[in-house]
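Residue numbers for the sequence shown, in the numbering used here: 1 to 117.
Have a look at the structure below before the remarks.
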Amino acid sequence: MASVSIDTSGVITGTYTNGVRRAEAQVAVAKFPNPSGLTKLGGNLYQESNNSNVKTVQPQTVETAGAKITPSSLEMSNVDISDQFSDMIITQRGFQSNSKIITVSDEMLETLINMKR
1 MASVSIDTSG
11 VITGTYTNGV
21 RRAEAQVAVA
31 KFPNPSGLTK
41 LGGNLYQESN
51 NSNVKTVQPQ
61 TVETAGAKIT
71 PSSLEMSNVD
81 ISDQFSDMII
91 TQRGFQSNSK
101 IITVSDEMLE
111 TLINMKR
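Below you can see the structure in the form of structure tokens.
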């Protein structure tokens, strides 16, 4: 097999070294009665839980299942920019505080050394 591609309908096609193209599989789409009940594992990974209820795997194509596949594209970031910005500000303030502590400590040691002379 020379390459693999997935089209917008979820069909996985293999292209072989002899030039033959063949549909190999179809992407299955699972639906959950309560998608907000899925357990978040991190990144884009979610796991079925008791709260999400039993999934139904759709035998139809991706389009009729209400899903969308966009081949050769990148997904947008899934982080909340405002949360990340707030975390960055908090981290920066912590760094500034630690830097100030080191500066004050250095000044105190310098004063102590000068008192001894």
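Each residue gets a CB set at the ideal place from its N, CA and C atoms; glycine is no exception.
The structure presented is a predicted model; accordingly, all values stated were derived computationally and were not measured.
- The shortest C-alpha to C-alpha distance from residue 43 to any of 7, 77, 15 and 83 is the one to 77.
- Residue 45: member of the beta strand (DSSP E) spanning 45 to 47, first to last residue.
- DSSP, read as helix, strand or coil, puts residue 3 in strand.
- Counted as a single uninterrupted DSSP element, the beta strand (DSSP E) harbouring residue 13 occupies residues 11 to 15.
- Contact fails between the stretch 13 to 20 and the stretch 28 to 38, because fewer than three Cβ pairs, one in each stretch, are under 8 Å apart.
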